[in-house]
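Participant: Quick one: structure below, then a few questions.
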Amino acid sequence: MHIIRPALSAALQPTPAPVDAGYCATIGFFDGVHLGHQFLLRQVEAEAAERGLRSMAVTFEEHPRAALDSQYQPRLLGTTDDKLAWLAATGINACALLRFDRAMAQLSAADFMSEYLQQQLGVRCLVIGYDHHFGHNRQEGFEDYVRYGRALGMDVVAALPLETCDFTVSSSAIRRFLDAGHVERAAEGLGRPFSLRGTVTAGRRVGRRIGFPTANLRPADPHLLVPRIGVYAVWAEITEGRFPAMLNIGRRPTLNNGSDISIEAHLIGFNGNLYNQPLTLHFVRRLRDEMTFPSLESLTQQLEQDAHEALLALK
1440 MHIIRPALSA
1450 ALQPTPAPVD
1460 AGYCATIGFF
1470 DGVHLGHQFL
1480 LRQVEAEAAE
1490 RGLRSMAVTF
1500 EEHPRAALDS
1510 QYQPRLLGTT
1520 DDKLAWLAAT
1530 GINACALLRF
1540 DRAMAQLSAA
1550 DFMSEYLQQQ
1560 LGVRCLVIGY
1570 DHHFGHNRQE
1580 GFEDYVRYGR
1590 ALGMDVVAAL
1600 PLETCDFTVS
1610 SSAIRRFLDA
1620 GHVERAAEGL
1630 GRPFSLRGTV
1640 TAGRRVGRRI
1650 GFPTANLRPA
1660 DPHLLVPRIG
1670 VYAVWAEITE
1680 GRFPAMLNIG
1690 RRPTLNNGSD
1700 ISIEAHLIGF
1710 NGNLYNQPLT
1720 LHFVRRLRDE
1730 MTFPSLESLT
1740 QQLEQDAHEA
1750 LLALK
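The sequence shown runs 1440 to 1754 under the numbering used here.
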């Protein structure tokens, strides 16, 4: 997948359309690149093929609201790198990665279509949902975009909604599932298990003393969503390969961890040092709530049961 990074403002820094200009595109933040996004992108590819164009996803490096409001804390389903990898996996030909700023926020839909889509990116066909809005005037809608496109020689095509799930697939719906610990439902909307990626950091090493060494995950982005507190069956992906694991997200009340939330995975069958190494966790099932135990012995007994249940869930 070809990645295009246009100038911050086409009006101030005119940039010719790329050599391979001639795209059918769609616009979105694409957080999680879920099944709804994937269905939309397949429609873009189909329109592109029919018109002899290449396909493109136009997206943003950071959440547009976060770029305008420093107090806003997005709860992301993946990093920008994750998003680019997921977009590439759809088979889309190109991704235009924009830096959203206040100047862009002030653009009208007509100006955005002219300055960015037409002049910089060579978009000739735009596929959008009937209820999708962009530009500073959110009262404008699909019919307005059709009219602006016609003036630019750009076809604006309505996308069909996804109707294969028993719920409306959206990034917000998937966040609600994860907040409730329903990782299996989240996976239904994503079309793959929810994943959390980061780096292993040093912990208090209590797990090692009781026979359950853990890898403490520091998420790759502080804005990544962390599912509901509890114990999960996960697949742990490290440099050495993929291992079944049980994961605890919580405050470790038995160990008086305070209010800090820790993300600790015990990789079943792995013995080695993972400090400062990359780690990705793929969530499969929530096993139980976090609990307080009267002793380390009773905690150890429960961890043995958790490991057994995790292996059953991962079969």
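Virtual Cβ for every residue (Gly too), placed ideally from N, Cα, C. Since this is a predicted model, take the numbers as computed values, not measurements.
Have a look at residue 1590 and residue 1626 and give me their C-alpha separation to the nearest angstrom.
Facilitator: Looking up residue 1590 in the sequence shown gives position 151. Looking up residue 1626 in the sequence shown gives position 187. Looking at the two C-alpha atoms, the distance is approximately 42 angstroms.
Participant: Can you tell me which of 1723, 1742, 1725 and 1468 puts its alpha carbon nearest to the alpha carbon of residue 1732?
Facilitator: The residue given as residue 1732 occupies position 293 in the sequence shown. Of the candidates 1723, 1742, 1725 and 1468, the one whose C-alpha sits nearest the C-alpha of residue 1732 is 1742.
Participant: What residues in its chain sit with their C-beta under 7 angstroms from that of residue 1445, if we drop five residues either side in the sequence?
Facilitator: As a first step, residue 1445 must be located in the sequence shown, where it is residue number 6. These residues qualify, in order along the chain: 1454, 1535, 1537, 1555, 1559 and 1560.
Participant: Please report how far the alpha carbon of residue 1549 lies from the alpha carbon of residue 1557, in whole angstroms.
Facilitator: Locating residue 1549 in the sequence shown gives position 110, where the first residue counts as 1. Locating residue 1557 in the sequence shown gives position 118, where the first residue counts as 1. Residue 1549 and residue 1557: Cα-Cα distance of roughly 10 angstroms.
Participant: Cβ of residue 1588 within 8 angstroms of Cβ of residue 1565?
Facilitator: For the purposes of this step, residue 1588 is identified with residue 149 of the sequence shown, where counting begins at 1. For the purposes of this step, residue 1565 is identified with residue 126 of the sequence shown, where counting begins at 1. Their beta carbons are under 8 angstroms apart, which means residue 1588 touches residue 1565 by this criterion.
Participant: Between residue 1718 and residue 1629, how many whole angstroms is the CB-CB distance? I'm expecting something under 8 angstroms.
Facilitator: Residue mapping note: residue 1718 aligns to position 279 of the sequence shown, counting from 1. Residue mapping note: residue 1629 aligns to position 190 of the sequence shown, counting from 1. Actually they are not in contact, since the Cβ atoms of residue 1718 and residue 1629 sit about 19 angstroms apart, beyond 8 angstroms.
Participant: On a Cα-Cα basis, can you pick out the residue from 1654, 1729 and 1667 that is closest to residue 1621?
Facilitator: Against the sequence shown, residue 1621 aligns to sequence position 182. The option with the nearest alpha carbon to residue 1621 is 1667.
Participant: Going by C-alpha to C-alpha distance, which of 1715, 1464 and 1583 sits closest to residue 1487?
Facilitator: For the purposes of this step, residue 1487 is identified with residue 48 of the sequence shown, where counting begins at 1. Closest by alpha carbon: 1464.
Participant: Is residue 1635 buried or exposed, if buried means 16 or more other CB atoms sit within 10 Å of its CB?
Facilitator: Residue mapping note: residue 1635 aligns to position 196 of the sequence shown, counting from 1. Residue 1635 comes out buried.
Participant: Residue 1593: buried (16+ other C-beta within 10 angstroms of its C-beta) or exposed?
Facilitator: Within the sequence shown, residue 1593 is the residue found at index 154, counting from 1. Buried.
Participant: Under the DSSP definition of a beta bridge, which residues are partnered with residue 1758?
Facilitator: Look at the range of the chain in this structure, 1440 to 1754, and you will see that residue 1758 is not part of it.
Participant: In or out: residue 1606 buried (at least 16 other Cβ within 10 Å) or exposed?
Facilitator: Along the sequence shown, read from residue 1 onward, the residue named residue 1606 stands at position 167. So residue 1606 ends up on the exposed side.
Participant: One question on the structure: do residue 1672 and residue 1720 come within less than 8 angstroms of each other, judged by their Cβ atoms?
Facilitator: Position 233 of the sequence shown, counting from 1, holds the residue named residue 1672. Position 281 of the sequence shown, counting from 1, holds the residue named residue 1720. Cβ atoms of residue 1672 and residue 1720: not closer than 8 angstroms.
Participant: State the start and end residues of the unbroken beta strand (DSSP E) segment that holds residue 1499.
Facilitator: Position 60 of the sequence shown, counting from 1, holds the residue named residue 1499. Here the beta strand (DSSP E) through residue 1499 covers 1493–1499.
Participant: Note down the Cα distance separating residue 1468 from residue 1584, rounded to an integer number of angstroms.
Facilitator: Position 29 of the sequence shown, counting from 1, holds the residue named residue 1468. Position 145 of the sequence shown, counting from 1, holds the residue named residue 1584. Whole-angstrom Cα-Cα distance: 19 angstroms.
Participant: Where do the N-terminal and C-terminal ends of the beta strand (DSSP E) with residue 1706 fall, by residue?
Facilitator: The residue labelled residue 1706 in the question sits at position 267 within the sequence shown. Looking at the DSSP string, the run of the beta strand (DSSP E) that includes residue 1706 is 1701–1706.
Participant: Are the segment 1600–1614 and the segment 1697–1707 touching by the rule of at least three beta carbon pairs closer than 8 angstroms?
Facilitator: The segment 1600–1614 and the segment 1697–1707 do not touch, with fewer than 3 CB-CB distances between them shorter than 8 angstroms.
Participant: Is DSSP giving residue 1454 helix, strand or coil here?
Facilitator: Position 15 of the sequence shown, counted from the first residue, corresponds to residue 1454. Its pLDDT being 41, under 50, residue 1454 is placed unreliably in this model, and the coordinates cannot settle the point.
Participant: To the nearest angstrom, how far is it from the Cα of residue 1574 to the Cα of residue 1539?
Facilitator: Here residue 1574 refers to the residue found at position 135 when the sequence shown is read from its first residue. Here residue 1539 refers to the residue found at position 100 when the sequence shown is read from its first residue. So the alpha carbons of these two residues sit roughly 12 angstroms apart.
Participant: Considering only C-alpha positions, which residue in the set 1740, 1516 and 1707 is nearest to residue 1471?
Facilitator: For the purposes of this step, residue 1471 is identified with residue 32 of the sequence shown, where counting begins at 1. Considering only alpha carbons, the answer is 1516.
Participant: Applying the criterion that 16 or more other CB atoms from any shown protein chain within 10 Å of the CB defines a buried residue, is residue 1494 buried or exposed?
Facilitator: Here residue 1494 refers to the residue found at position 55 when the sequence shown is read from its first residue. Looking at its Cβ environment, which holds 16 or more other Cβ atoms inside 10 Å, residue 1494 is buried.
Participant: Less than 8 angstroms between the beta carbons of residue 1683 and residue 1751, yes or no?
Facilitator: As a first step, residue 1683 is located in the sequence shown; it is residue number 244 there, counting from the start. As a first step, residue 1751 is located in the sequence shown; it is residue number 312 there, counting from the start. No, the pair does not count as a contact, with Cβ atoms beyond the cut-off.
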